[in-house]
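Chains as they are written, first to last, in the working numbering: chain X, 1 to 319; chain V, 320 to 584. Virtual Cβ for every residue (Gly too), placed ideally from N, Cα, C. Written out below as structure tokens is the structure these notes cover.
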């Protein structure tokens, strides 16, 4: 897990993206409701939240595919509404859905994309080769895009987003649908990018991904930011450091709840299990043993971002 | 937001280059049917139907000579129409090529203008191929199908015709959300224009208001311009070219506006 970022240190680095009262309304609903956030230069900043929380809309406003209906948004020091082209020149985008150019081969995708940024031909060629190396697709340079696996397509999308050597890279669910090997390869590459000093902004559904990559993150729900901080700060603030997961018959679960309530910070029912957030799991376990209430299974673990997320956004199924 | 956004030449060129890069891979196979189809019309109508048309043909020309330049114009219309309908729709909705492009410094207005220009380029390329075939056939059969040196101006005219029909095709594309709706565009717009724009018979000989209606349609002027350039133009050709320029300019920004609404939320 990343070290907690000191405020003073971060602001000294300067900001990459600043949103103030940022708003996006469509005819029938408000997708993003007046959000404020700051992304510091060189950090990895995450957007967490259930589907429909407004993450993708926020990303789209950053890369110009959606126009804000209110508030301010500056990207790389430029007003997104007034200097759209200049902003787009400085960022790289990995969209949620694959939109590689299937009429072009793997390397051609990078070369043609380089032209959109007016890069000199030689420079584009050199960068394309470097980037294919970087995402481990060199031997697929002349392959048709449609013959690539899902993980390879995602890596090519990442290479494409880097062709203009952007200072900010926006990634909308960069590893959704990838197998664990492919996911770890993508994480490794993304870490290399932050170590090169690039600013990364990503949305994800995977708490592990956020914990692995993000220096700071915000949790969105229903178009608003409901929490923000570093992963450790969020865990500290919203859940206790230890969790006891108790599995038992439904009537036993209710008895257990009554039993542990006063010794825990929070108790949550999740299906057949009871999640007990507590500063002192030992004392709790002792009490449960002594009570004689039958427990099928007890799991004791450290609290993680997933607990924060579930705590904040609830356990109901969204869309 | 509502401001008029004119395309940038730079962005337009970049997207045009993308299309050219892809076209270079398959131009031979793409070109062939486009040369072959007008030849079928020439053979079936020019020679077949032409045999029944009285000696003297139309206005002193044989029937083949009469229809050949008109087919150049309709060929450009078809090339640009397919490009700006099915091809553009697939790139927009299925391949999502435009979504990717507009995250770069290339904007929606550049993409649309590039597609206009590309459709015009294709129309001009195909038309030039067809024009060369006509010239050769004329020599081989000793019945000149291209009789004036002004014909060298036909390719740039086909470029204009292609851009013009790309603007109308893209306008339709920017408004529909199902690919099968193109049947309406082709049945209600393209085919009637093909049949009633003076390619196969002089529309001006019809009673009023048919010629007057024809005057307000784009292919009529395209056919006139090609025919005049193939046979030696009268000053009237300038009216046809001017008509097409005004029509194209008047509609130019409309598809850009609608496409922007579709691609940028």
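For this session: Express the C-alpha separation of residue 44 of chain X and residue 8 of chain X in angstroms, rounding to a whole number.
Result: Annotation note: pLDDT 45 at residue 8 of chain X (below 50); position unreliable, no value reported.
For this session: Taking only the alpha-carbon atoms, compute the straight-line gap between residue 19 of chain X and residue 71 of chain X and give it to the nearest angstrom.
Result: 8 Å
Exercise. So, helix, strand or coil for residue 553 of chain V, using DSSP?
Worked result: coil
For this session: For chain V, find out if any of its Cβ atoms is closer than 8 Å to the Cβ of residue 19 of chain X; answer yes or no.
Result: no
Exercise. Which residues in the same chain have their Cβ closer than 7 Å to the Cβ of residue 574 of chain V, if we skip the five residues on either side of it in sequence?
Worked result: 431, 486, 489, 490 and 493
For this session: Give the interface partners of residue 343 of chain V over in chain X, defined as CB-CB distance under 9 Å, in chain order.
Result: Here the premise fails: no neighbours, minimum Cβ distance about 11 Å.
Exercise. Nearest to residue 120 of chain X by alpha carbon, out of V/333, V/369 and V/559?
Worked result: V/333
Problem set entry | Whole-angstrom distance between residue 57 of chain X and residue 67 of chain X, CA atom to CA atom | 9 Å
For this session: Kindly confirm or deny that the stretch 463-476 of chain V and the stretch 506-524 of chain V touch, where touching means at least three C-beta pairs closer than 8 Å.
Result: no
Problem set entry | chain X contact for residue 459 of chain V (CB, 8 Å cutoff) | no
Exercise. Any C-beta of chain X sitting closer than 8 Å to the C-beta of residue 584 of chain V?
Worked result: yes
Exercise. Residue 117 of chain X touches chain V at which residues, Cβ-Cβ below 8 Å?
Worked result: 423 and 424
Problem set entry | Within-8 Å CB hit, residue 497 of chain V to chain X | no
Problem set entry | When X/306, X/91 and X/86 are compared against residue 241 of chain X, the one with the closest alpha-carbon | X/306
For this session: Count the other CB atoms, across all protein chains shown, that sit within 10 Å of the CB of residue 445 of chain V; report buried if there are 16 or more and exposed otherwise.
Result: buried
Exercise. In terms of residue numbering, what span does the beta strand (DSSP E) encompassing residue 84 of chain X cover?
Worked result: Looking at the DSSP string, residue 84 of chain X is not in any beta strand (DSSP E); the run it does join, the alpha helix (DSSP H), is 84-90.
Problem set entry | Proximity test, Cβ basis, 8 Å: residue 430 of chain V and chain X | no
Exercise. How big is the Cα-Cα spacing for residue 566 of chain V and residue 483 of chain V?
Worked result: 8 Å
Problem set entry | Start-to-end residues for the alpha helix (DSSP H) that takes in residue 447 of chain V | 427-459
For this session: Mind checking the stretch 33-66 of chain X against chain V and listing, in chain order, the residues whose C-beta falls within less than 9 Å of any C-beta there?
Result: 57, 60, 63, 64, 65 and 66
For this session: Return the first residue and the last residue of the alpha helix (DSSP H) that residue 19 of chain X is part of.
Result: First-last for residue 19 of chain X: 15-25, but that is the beta strand (DSSP E), not the alpha helix (DSSP H).
Exercise. Would the beta-carbon of residue 572 of chain V fall within 8 Å of that of residue 541 of chain V?
Worked result: no
Problem set entry | Where residue 264 of chain X sits in the DSSP three-state scheme | coil
Problem set entry | Residues near residue 624 of chain V in its chain [Cβ-Cβ closer than 7 Å; skip 5 each side] | A question about residue 624 of chain V goes unanswered here, because the residues of chain V that appear run from 320 up to 584.
For this session: Tell me, to the nearest whole angstrom, how far the beta carbon of residue 194 of chain X is from that of residue 46 of chain X; I am working on the premise that it is less than 8 Å.
Result: Contact flag wrong, Cβ pair sits at about 12 Å.
For this session: Name the two residues that bound the continuous alpha helix (DSSP H) containing residue 40 of chain X.
Result: First-last for residue 40 of chain X: 30-40, but that is the beta strand (DSSP E), not the alpha helix (DSSP H).
Exercise. Is residue 7 of chain X helix, strand or coil when you go by DSSP?
Worked result: Confidence at residue 7 of chain X is low in this model, with a pLDDT of 47, below 50, so the placement of that residue should be treated as unreliable; the coordinate-derived value is given next. Here residue 7 of chain X sits in helix by DSSP.
Exercise. In terms of DSSP beta bridges, what is residue 105 of chain X paired with?
Worked result: X/144
Exercise. Nearest-angstrom Cα distance between residue 319 of chain X and residue 416 of chain V?
Worked result: For residue 319 of chain X, the predicted model reports a pLDDT of 45, less than 50, meaning its position is unreliable; a value from the coordinates is still stated below. Rounded to whole angstroms, residue 319 of chain X to residue 416 of chain V spans 28 Å at the Cα level.
For this session: Would you decide whether residue 408 of chain V is buried or exposed? Buried here means 16 or more other CB atoms lie within 10 Å of its CB.
Result: buried
For this session: Using a threshold of 8 Å, state whether the C-beta atoms of residue 273 of chain X and residue 300 of chain X are closer than that.
Result: no
Exercise. Could you give the distance in angstroms between the alpha-carbon of residue 154 of chain X and the alpha-carbon of residue 198 of chain X?
Worked result: 19 Å
Exercise. Taking 8 Å as the CB-CB cut-off, is residue 264 of chain X touching chain V?
Worked result: no
For this session: Determine the extent of the beta strand (DSSP E) in which residue 221 of chain X is found, giving its start and end residues.
Result: 216-221
Exercise. Does any residue of chain X bring its CB to less than 8 Å from the CB of residue 339 of chain V?
Worked result: no
For this session: Would you mind reading off the limits of the alpha helix (DSSP H) that contains residue 227 of chain X?
Result: Residue 227 of chain X -> not in any alpha helix (DSSP H); beta strand (DSSP E) instead, spanning 224-229.
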